[in-house]
Amino acid sequence: MKDNKKMELAHWASKYAKENGANEVSVSVYDSKQSDVEIREQKIDKIQESIESGLSIKLYVNGRYSTHSTNRLNKPELERFIKEAILATNYLAEDKYRSLPDRDLCYNGEERDLKLSDSTYDAVDPREKIEAAMKVEAETIGMDDRIITVSGSYGDGSSRGYMVMSNGVEGFNESTSFYVSASASINGGDSRPSAGHYMATRFWDKLNPEGVGKYAVERALQKIGAKKIKSGKMDMLIENRSVGRVFSSLLQPLYGYNLQQKRSFMEGKIGQKVASDALTIIDNPFVESGRNSRLFDRDGLAAKEMTVIENGILKTYYIGNYYGKKLEMQPTSGSPSNLIFEKGSKDLNGLTREMKEGILVTGFNGGNSNPATGDFSVGVEGFYVKNGEVIHPIAGMNITGNHKEIWNQLAAVGNDPLTDRSWQTPSMLFEGIDFSGL
């Protein structure tokens, strides 16, 4: 629910900054709450709650720019805070690219219910939060003698933000989130495999702890006996929950700051083939209850649906207001919202059965990726697959390659996207990947 006093405070701060020497201003007033519970052996190991309110202000003063924030929201202190911030900004170097975005690119105030906030958030009994975390751990008790420890956790958060810009833009957003998670450690003889799992939702009545703890334990047990296999060129099937690690390295070169600083192998690739036909990605900020749904971004730019990659062809970059000016490019948004991947026809099991020989990757370890060249190297764990059947777990292996090549080796995309994540990644099958092992 909107707090009119907070919006009035944002308007006042913007006006006061303009009256005291700022050429342009963007003010955000926010408040947030969060709570966390962790359970071990059916006892509370940690419980905490926090509440915060604050104001942040972006100042554009005589060609100079700075940002400042404070948690002290009474007007006499804010007056001193704003005056001192403006004075300090005058000592900074000029930057001709710093200014508010064009008004016609910004959010126009159109209201749209994206179903991001649970009105019952404040009414949830703390005892129910503790019970949710206990349920996560309780279902693993006696599950296997090799369990060393399992922790069950619960967390929630609520936030409201009020944005006022001196170019006439104003906006309000609010959201809630609830999650439960489990972390399990197993006695694997000469190893101590571990695994985790979680589920998250925007609404309390949709939070379901059932199965979260068991799944974490099962994942850890599956790692017992993991070993390397011989190095070679094989298929690689990445399960949906792990795809994001590799995909993030494809996304980084699309950001304006990497393009402007010549650290992107995607520079000049709009309209060109950068992946196989199997890859199509839509950025949709209007997904109801989406993890990263929004009506405007941090610059105040109006949210819009965008095609990022279509049948392997690059369609857009992520260009925020500042780097748009430096690159002389139309701003889109400086960061992704909800990424929706076009689905294939088979789930993880179906894709596994298609593999003659390869590795089903369930996790990545360490590694690095160079956004300028596309070169990468990363450790993997998972399962060795032969003739469509899982043979044994693997660990201690690496893959090396280049993102300019690997995404053209994408053979199939699964029909199993993670719909509770902002990046709704499905499982992905790649062909001819170089694995380093024995």
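Note that UniProt numbering gives residue 83 to position 83 of the sequence shown, counting from 1, and the numbers run on in steps of one. Beta carbons are placed, not taken as given, at the ideal position from N, Cα and C, and that holds for glycine.
{"Item": "PHE376 - partner residues in DSSP beta bridges", "Value": "SER369 and GLY401"}
{"Item": "Limits of the unbroken alpha helix (DSSP H) element including PHE172", "Value": "Looking at the DSSP string, PHE172 is not in any alpha helix (DSSP H); the run it does join, the beta strand (DSSP E), is 170-186."}
{"Item": "As assigned by DSSP and simplified to three states, the class of ARG160", "Value": "strand"}
{"Item": "Span of the alpha helix (DSSP H) around MET236", "Value": "Where MET236 is concerned, there is no enclosing alpha helix (DSSP H), although the beta strand (DSSP E) it sits in stretches over 232-238."}
{"Item": "Cβ distance (whole Å) where PHE383 is taken to contact ILE394 below 8 Å", "Value": "6 Å"}
{"Item": "C-beta atoms of GLY168 and ARG103 nearer than 8 Å", "Value": "yes"}
{"Item": "For LYS223, the nearest candidate out of ARG146, VAL180 and LEU254 (CA to CA)", "Value": "ARG146"}
{"Item": "Distance CB(SER249)-CB(SER369) smaller than 8 Å", "Value": "yes"}
{"Item": "Check whether LYS343 and ILE313 have beta carbons under 8 Å apart", "Value": "no"}
{"Item": "Bridge-paired residues (DSSP) for GLY414", "Value": "LYS346"}
{"Item": "Identity of the residue in TYR154, ARG80 and TYR162 nearest LYS135 by Cα", "Value": "TYR154"}
{"Item": "Beta-carbon spacing of ALA200, THR140 below 8 Å", "Value": "no"}
{"Item": "Buried versus exposed call for GLU405 [16 or more other C-beta atoms within 10 Å across all chains shown]", "Value": "exposed"}
{"Item": "Inter-residue spacing [alpha-carbon to alpha-carbon] between TYR97 and SER66", "Value": "13 Å"}
{"Item": "MET7, DSSP secondary structure in three states", "Value": "helix"}
{"Item": "Proximal residues to THR149 (C-beta, below 6 Å), its chain only, five neighbours per side dropped", "Value": "SER185"}
{"Item": "Chain-order list of residues whose beta-carbon lies under 7 Å from that of residue 467 (same chain, five-residue window excluded)", "Value": "Past the boundaries of the shown model lies residue 467; the chain is included only from 1 to 438, so the question cannot be answered."}
{"Item": "Span separating the alpha-carbon of GLY161 from that of PHE172", "Value": "6 Å"}
{"Item": "Burial state of ASN338 (16 or more Cβ within 10 Å)", "Value": "buried"}
{"Item": "Boundaries (first-last residue) of the beta strand (DSSP E) holding LEU116", "Value": "First-last for LEU116: undefined, no H or E at that position."}
{"Item": "Neighbourhood of ASP277 by C-beta distance below 6 Å, restricted to the same chain and skipping five residues each side", "Value": "ASN311 and GLY312"}
{"Item": "Where ASP299 falls: helix, strand or coil (DSSP)", "Value": "coil"}
{"Item": "Reference GLY389, options ASP31, VAL217 and ASN349, closest by Cα", "Value": "According to the sequence provided, residue 389 is Glu. The question's Gly does not apply to it. Nearest C-alpha to GLU389: ASN349."}
{"Item": "Given 8 Å, three or more beta-carbon pairs between the segment 226-245 and the segment 354-368", "Value": "yes"}
{"Item": "Top-ranked residue by Cα proximity to ALA220, from ARG245, SER191, PHE247 and SER231", "Value": "SER191"}
{"Item": "ASP122 - DSSP class collapsed to helix/strand/coil", "Value": "helix"}
{"Item": "Selection from THR352, GLU354, GLY189 and ASP297 that minimises the alpha carbon distance to THR332", "Value": "ASP297"}
{"Item": "Proximity of TYR318 and LEU254 at Cβ, strictly below 8 Å", "Value": "yes"}
{"Item": "Of the listed residues LYS315, GLU357, ILE86 and GLY256, nearest to MET234 (C-alpha basis)", "Value": "GLU357"}
{"Item": "For LYS386: DSSP bridge partner residues", "Value": "GLU357 and GLU389"}
{"Item": "Proximal residues to ILE51 (C-beta, below 7 Å), its chain only, five neighbours per side dropped", "Value": "LYS33"}
{"Item": "Between the CA atoms of LYS43 and ASN258 - distance to the nearest angstrom", "Value": "47 Å"}
{"Item": "Cβ-based neighbour list, PHE430, same chain, cut-off 6 Å, excluding 5 preceding and 5 following", "Value": "MET236, GLN409 and LEU410"}
{"Item": "First through last residue of the alpha helix (DSSP H) which encompasses ARG40", "Value": "Per DSSP, ARG40 belongs to no alpha helix (DSSP H); it is in the beta strand (DSSP E), 24-40."}
{"Item": "Under the three-state DSSP convention, the category GLY225 falls into", "Value": "coil"}
{"Item": "Beta-bridge pairing of PHE435 - partner residues as DSSP gives them", "Value": "GLY232 and ILE399"}
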